[in-house]
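See below for the structure under consideration.
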């Protein structure tokens, strides 16, 4: 239990030197993490990552993109990106571009967002079929409803 209090304190003081250690800790196998942390992963890890990252996204992105990382950790890392937007530390456009790149890459695309409008999946981005897109996003890059709402908040992708 002390390790959880330590992570909360490191997050409270926004200790950026803890960032690589928290990312390594979050990369542990899922069963071990569950034994060590329980609900901390789903409830608090995203906020801790956002607090200690100091604006550096590489560690969070590595958790999201690594398919061997526990699915709950990947979701928490996505939540951490949303937290950074809500806190005003990252722009909404930057994070939405990253989500779009993840989605395009998961569909077999290049992962570059510059060609999104000309890609074969671009016509599917309409409010009419959002539930299909939502389930596809959730399965492929572990977007949460909050993350999807952030992405869709202005009605466009």
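Numbering (my numbering), first residue to last: -9 to 147. Using N, Cα and C, we set each Cβ at its ideal position, and we do this for glycine too. The structure presented is a predicted model; accordingly, all values stated were derived computationally and were not measured.
Supposed close pair residue i, residue j - CB separation, criterion 8 Å
i	j	result
residue 9	residue 46	7 Å
residue 92	residue 54	7 Å
residue 50	residue 70	5 Å
residue 1	residue 38	4 Å
residue 16	residue 35	6 Å
residue -3	residue 12	7 Å
residue 58	residue 23	So it is not a contact: roughly 13 Å between Cβ atoms.
residue 27	residue 74	The Cβ separation is near 21 Å, so there is no contact.
Assigned secondary structure, residue i (DSSP; H/G/I helix, E/B strand, else coil)
i	result
residue 79	coil
residue 35	helix
residue 19	coil
residue 93	helix
residue 24	helix
residue 6	helix
residue 70	helix
residue -3	helix
residue 45	coil
residue 57	coil
residue 103	In this prediction, residue 103 scores a pLDDT of 41, lower than 50, which makes its location untrustworthy; no coordinate-derived value is stated.
residue 116	Because the pLDDT of residue 116 is 41, which lies under 50, any placement of that residue in the model is unreliable, and the number read from its coordinates should be weighed accordingly. Looking at residue 116 - three-state DSSP - the assignment turns out to be coil, as it is neither helix nor strand.
Stretch-stretch touch, CB-based, cutoff 8 Å, three pairs: the segment 37 to 54 with the segment 69 to 86: These segments touch.
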